[in-house]
Amino acid sequence: MTWLEIRNLQSVRVSEIPVIPIEELRSETISRIKDGERFVQFFGDKTADGVVLYVVLADDNASKLFVTSSKFVSETAYQSITPEASSAHLFEREFYEQFGVMPEGHPWLKPVRSGIPGIDSGEKQYEFFSMEGEEVHEVGVGPIHAGVIEPGHFRFSCHGEKVYQLEIKLGFQHRGVEELFIRNAHRPVYLEKLAESVAGDTVIGHSGGFIRAVESLADVAVSNRAKVIRTIALELERIAVHLGDLSALSGDVAYLTGNSVFGALRTKVINTTMSICGNRFGRGLMTFGGVNCDVTPELHDRISSVIEQLDDDAALAAEVLFSSASVLERFEKTGVVKKETAVAIGMVGPAARASGVALDVRSDHPFGGFELIPVHKLTLESGDVFARAYIRFVEIKQSIRIIREQLSRLPVGELKMERRELASGSLVVSMTEGWRGEIAHIVMTDGDGKIRKVKIKDPSFNNWFALSLAVRGEGVSDFPLCNKSFNLSYCGFDL
Amino acid sequence: MLDLIKLRWKHGNQAIPDVRKATLMKTHRGFPDIDESKYHDDWQKVVDVCPTGAIAASPVSIDLGKCVFCGECERASGGAIRFTNDHKLGCTDRSRLIVSSGTGYEQYLGAAIDARREIHKMFGHSLKLRQVSAGGCNGCEMELNACSNVNFDMGRFGIDFVASPRHADGIVITGPVTKNMAHALSDAYKSIGEPKIVIAVGACTISGGAFAGSDQLDRKFFDEFKIDLYVPGCPPHPLTFINAVLEFIGRG
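Residue numbers (the numbering used here), protein chains in the order written: chain H, 19 to 513; chain A, 266 to 517.
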């Protein structure tokens with residue numbers, strides 16, 4: 019057996035995962051990717067006598083995941099997978115950076131966050147791709163940007179106003195989150211709060227992903243009531259950020275009506291989240307075994323009235339925004355990512371769906387409340403800023419429908435279950451459709467059932483490269499608009 | 266066109282008329298009221314539940330510079346610690362962020378901000394701030410952005426975020442300060458002309474918060490430069506930030 023077949027949130031013994039030679043892992047992975055499977059994770063794990071590389075692939079149509087591993091005892095190199103399957107490129111760079119195992123023949127082996135092993139990670143060591151020629155010039159932006167946003171460095175190679183190449187250097191936000199999970203494995207409450215802070219704009223998404231992983235390891239079933247409340251919170255998070263993005267996209271094309279109106283709508287949604295759990299971003303809601311806060315009949319009516327009002331208001335605002343010629347002029351055919359490109363580089367989330375890639379964890383690998391309700395996958399074709407903006411509006415409508423449906427059938431049940439011991443020597447893959455796309459948390463336990471490895475992939479890890487490709491051939495001045503249309507997380511990438 | 270008019274009409278005026286008097290909904294977790302006598306078990310149990318080590322047992326107190334306002338201690342102490350919706354938490358003295366049992370909100374507020382005359386003179390009518398995210402999770406950043414939106418409209422007081430440190434009167438820091446941002450943060454601060462102020466926003470910035478103790482941080486900036494205004498929270502509500510700044514520049 020070369021692969022172990024599992025499902026989202028299915029806890030398995032680590033000893034059941036096949037260990038195969040790296041050459042076989044490489045050829046197997048490449049052939050499966052060519053057959054339409056997709057990387058969910060690709061990560062290393064330090065053991066007593068070497069490094070184990072785990073690969074998790076998804077067959078989304080069949081709702082299946084496949085795991086395998088390969089062990090490096092004294093070998094320090096292997097033949098890179100990236101030339102054959104480009105979606106492996108960042109995973110291999112990360113694996114190299116963390117464990118020093120060289121993917122030979124990797125076309126772009128640069129630091130991901132903190133530096134290549136044995137080489138100083140200082141600013142001077144990072145070599146940007148550079149172009150030469152008459153009238154070719156470079157524009158460097160960051161790490162500190164003009165607005166109130168997270169840091170990252172963008173290096174444009176331009177000819178006049180036209181961008182030939184954009185290189186994105188991240189890692190400035192690296193806080194050592196995965197390490198903190200292990201160091202504090204004995205403090206379960208802390209771990210939940212840390213999961214909330216992986217990316218502060220995806221509190222419910224990340225804390226939900228981590229907590230469901232731990233619940234699976236503890237074999238604890240959450241009540242349907244708690245599942246419904248979690249689902250409502252996740253969809254409110256999605257609506258809020260999408261509204262914020264529509265506001266910011268309007269702002270970026272100087273359409274101030276959209277900027278104000280969508281911004282005000284977002285405020286109402288995050289205040290609704292605060293009415294549930296006391297925090298505008300959903301902090302404090304999620305906990306092991308369920309939720310900390312109930313949806314009382316009074317709250318039920320409040321949420322209901324907010325989303326019904328929003329349904330009308332968002333539709334009107336979107337009608338005005340998407341029929342404005344000055345807005346469409348900037349949105350349409352700007353920053354195009356073709357479907358083939360999106361598939362090749364392994365994009366996820368709304369950005370992928372805007373390019374016609376039908377991926378949605380809620381539908382492909384249902385988790386939590388989505389085990390109870392089907393979610394229809396929504397896609398658009400054009401892959402431009404317009405599509406990435408419009409899909410947000412479509413998803414807001416969809417999330418409103420989901421919340422409406424969930425509220426109408428709020429079942430009775432326990433709010434939360436007791437904490438329990440975790441299964442020993444196990445691994446679980448927990449995938450969540452956050453508002454940015456697929457979040458993957460992998461949690462492994464040791465022989466005593468203590469957490470010994472947490473591997474987190476924010477959807478930004480999949481999608482940053484898409485931004486580089488989207489701006490090729492565009493004017494430099496379209497960069498802010500393209501960037502906003504993805505709205506990727508710096509800290510989620512940097513962890 | 267008709268739709269546009271309808272939209273503008275429905276949008277109406279969203280601005281909070283007086284941000285100084287505005288109150289937050291009951292569920293908001295703001296200032297913690299501590300009544301030590303209400304909890305009869307071992308306070309160490311409550312201390313242990315706190316994710317960021319913000320609670321001390323004797324005497325019972327919460328350090329708002331570490332607190333992430335998660336509410337775990339409220340449940341663990343059976344309500345002996347109770348988070349009120351009082352949101353004006355800004356403070357100019359690190360030691361005053363430690364709230365002990367029996368300290369009421371009014372008492373905290375009375376001593377929290379030392380509004381100096383020279384600060385009012387220099388920045389009372391116009392304060393331009395350069396924000397630097399140094400390992401922030403984007404929570405504080407989103408709330409700081411919200412300060413300038415149509416609801417809170419901080420610009421009405423002449424307080425704005427600006428792009429260049431050369432245009433700024435001070436720096437607003439979010440995040441625990443990662444190694445990879447330490448240099449850029451220091452550069453940005455040094456690029457601001459004198460006199461200048463330092464505002465630390467959120468538990469991460471003030472104490473490292475949930476990231477305290479990580480090997481990937483470099484907090485030497487705070488050894489070198491003094492923080493003038495602390496804004497606690499995780500993240501602080503826009504009204505917490507705006508009111509803290511207004512008090513600080515003598516316009517509270």
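Glycine is no exception: its CB is placed at the ideal position from the N, C-alpha and C atoms.
Which residues in chain A sit within 7 Å of residue i, going by Cβ to Cβ distance?
i              : result
H192 (chain H) : T443, N445 and Q481
F299 (chain H) : G404
K211 (chain H) : P316, V333, C335 and A475
A292 (chain H) : The question names Ala, but residue 292 (chain H) in the sequence shown is Met. Simply M290, T292 and H293.
Quick check: what's the CA-CA separation for residue i versus residue j?
i              : j              : result
V355 (chain H) : A484 (chain H) : 7 Å
E456 (chain H) : G318 (chain A) : 32 Å
N445 (chain A) : N481 (chain H) : 22 Å
I137 (chain H) : T94 (chain H)  : Because I137 (chain H) sits at a pLDDT of 48, beneath the cut-off of 50, its placement in the model cannot be relied upon, and the following sentence gives the value as read from the coordinates. Each residue's alpha carbon lies about 16 Å from the other.
A465 (chain A) : N277 (chain H) : 28 Å
G367 (chain A) : S105 (chain H) : 58 Å
V279 (chain H) : R173 (chain H) : 33 Å
E141 (chain H) : R131 (chain H) : In this prediction, E141 (chain H) has a pLDDT of 48, which is less than 50 and means its spatial position is unreliable; what the coordinates show is noted afterwards. Cα-Cα distance, rounded: 12 Å.
V430 (chain H) : A244 (chain H) : 9 Å
G465 (chain H) : T100 (chain H) : 34 Å
K386 (chain A) : I424 (chain A) : 15 Å
S293 (chain H) : V216 (chain H) : 23 Å
I363 (chain A) : C332 (chain A) : 10 Å
L482 (chain A) : G194 (chain H) : 8 Å
P129 (chain H) : C509 (chain H) : 16 Å
P36 (chain H)  : F90 (chain H)  : 14 Å
D373 (chain A) : M149 (chain H) : According to the sequence provided, residue 373 (chain A) is Tyr. The question's Asp does not apply to it. Approximately 59 Å between the Cα atoms of the pair.
H171 (chain H) : L184 (chain H) : 10 Å
F349 (chain H) : S265 (chain H) : 14 Å
S322 (chain H) : E406 (chain A) : 29 Å
L83 (chain H)  : H224 (chain H) : 20 Å
Y304 (chain A) : P282 (chain A) : 40 Å
Who are the near neighbours of residue i in its chain, counting only those whose CB is closer than 7 Å to its CB and skipping five residues on each side?
i              : result
R422 (chain H) : I325
R248 (chain H) : G226, M304, V309, G386 and G387
A411 (chain A) : F417 and P503
Spatial neighbours of residue i within its chain, please: CB distance less than 6 Å, with the 5 preceding and 5 following residues excluded, ordered by chain position.
i              : result
N350 (chain A) : L289, K291, H293 and G295
C295 (chain H) : G302, L303 and C311
S417 (chain H) : E253, R256 and I257
D300 (chain A) : A345
L506 (chain H) : S478, N481 and W482
A370 (chain H) : A360 and L377
S373 (chain H) : V355, K357, A360 and G401
Determine the chain H residues that contact residue i at a beta-carbon separation under 7 Å, and present them in chain order.
i              : result
K271 (chain A) : L334
H276 (chain A) : S278, V279 and A282
M387 (chain A) : The contacting residues do not exist; M387 (chain A) stays about 23 Å from chain H at best.
V397 (chain A) : I162
P297 (chain A) : Under the 7 Å cutoff, chain H gives no residues; its nearest Cβ is about 12 Å from P297 (chain A).
Comparing the CB of residue i with every heavy atom of the ligand MG, is any distance shorter than 6 Å?
i              : result
E423 (chain H) : As for the ligand MG, it is missing from this structure, which has no ligand bound.
Could you list which residues in chain A have their beta carbon closer than 9 Å to that of residue i, in chain order?
i              : result
G281 (chain H) : Q279, A411, N414, V415 and N416
Y208 (chain H) : C315, P316, T317 and A475
Could you name the residues of chain A that residue i contacts, counting a contact when the two beta carbons are closer than 8 Å?
i              : result
G189 (chain H) : N445
A217 (chain H) : C402 and N403
V338 (chain H) : D268, L269 and L272
S507 (chain H) : N403
What residues of chain H sit near residue i, judged by a beta carbon separation below 8 Å?
i              : result
R294 (chain A) : G296, N297 and G302
A465 (chain A) : The contacting residues do not exist; A465 (chain A) stays about 15 Å from chain H at best.
Can you pull the chain H neighbours of residue i, defined as C-beta to C-beta under 9 Å?
i              : result
D488 (chain A) : The premise fails here: D488 (chain A) is roughly 19 Å from chain H at the closest Cβ pair, so nothing lies under 9 Å.
A428 (chain A) : H163, A164 and G165
For this session: Could you tell me whether the region 490-499 of chain H touches the region 179-190 of chain H, where touching means 3 or more Cβ pairs closer than 8 Å?
Result: With a cut-off of 8 Å on Cβ pairs, the region 490-499 of chain H is in contact with the region 179-190 of chain H, counting three or more such pairs.
For this session: Count the C-beta pairs between the region 469-489 of chain A and the region 436-443 of chain A that are closer than 8 Å, then say yes if the count reaches three, no if not.
Result: Contact between the region 469-489 of chain A and the region 436-443 of chain A is present, with at least three C-beta pairs closer than 8 Å.
For this session: Go through the region 429-470 of chain H residue by residue and report every complete run of the alpha helix (DSSP H) that reaches 4 residues or more, in order.
Result: With a minimum length of 4 residues, no continuous alpha helix (DSSP H) run stays inside the region 429-470 of chain H.
Problem set entry | Any alpha helix (DSSP H) of 4 or more consecutive residues that is wholly inside the region 211-268 of chain H | Complete alpha helix (DSSP H) runs here, min 4: 221-235.
Problem set entry | Runs of alpha helix (DSSP H) lying entirely within the region 326-405 of chain H, each at least 4 residues, in chain order | Segments of the alpha helix (DSSP H) lying fully in the region 326-405 of chain H: 343-349, 357-363, 367-372 and 379-382.
For this session: May I have a chain-ordered list of the alpha helix (DSSP H) segments no shorter than 4 residues that lie completely inside the region 341-415 of chain A?
Result: Runs of the alpha helix (DSSP H) inside the region 341-415 of chain A: 370-377, 382-388 and 404-412.
Exercise. Are at least three pairs of beta-carbons, each pair with one atom in the region 116-130 of chain H and one in the region 149-162 of chain H, less than 8 Å apart?
Worked result: Touching, no.
Exercise. Per the contact definition of three or more C-beta pairs closer than 8 Å, is the region 426-441 of chain H in contact with the region 333-346 of chain H?
Worked result: No, because fewer than three Cβ pairs between the region 333-346 of chain H and the region 426-441 of chain H fall closer than 8 Å, the two stretches do not touch.
For this session: Would you list, in sequence order, the uninterrupted beta strand (DSSP E) runs of no fewer than 3 residues that lie entirely inside the region 434-480 of chain A?
Result: Counting only runs of 3 or more, we get 435-439 and 462-466.
Exercise. Does the region 230-244 of chain H come close enough to the region 24-31 of chain H to have 3 or more Cβ pairs within less than 8 Å?
Worked result: Contact between the region 230-244 of chain H and the region 24-31 of chain H is present, because at least three Cβ pairs lie under 8 Å.
Exercise. Considering only residues of the region 287-338 of chain A, which uninterrupted beta strand (DSSP E) runs meet the minimum length of 3 residues and lie entirely inside it, listed in chain order?
Worked result: 297-299 and 326-328, all fully within the region 287-338 of chain A.
Exercise. How do the region 389-399 of chain A and the region 421-437 of chain A stand: do at least 3 beta-carbon pairs fall below 8 Å, yes or no?
Worked result: Under the three-pair Cβ rule at 8 Å, the region 389-399 of chain A counts as touching the region 421-437 of chain A.
For this session: Pair every Cβ in the region 344-360 of chain A with every Cβ in the region 488-505 of chain A, then say whether three or more of these pairs are closer than 8 Å.
Result: Yes, the region 344-360 of chain A touches the region 488-505 of chain A.
For this session: Examine the Cβ distances between the region 266-283 of chain A and the region 333-341 of chain H and report whether three or more of them are shorter than 8 Å.
Result: Verdict: yes, contact present.
Exercise. Fully enclosed by the region 144-184 of chain H, which alpha helix (DSSP H) runs are 4 residues long or longer?
Worked result: Whole alpha helix (DSSP H) segments, 4+ residues: zero.
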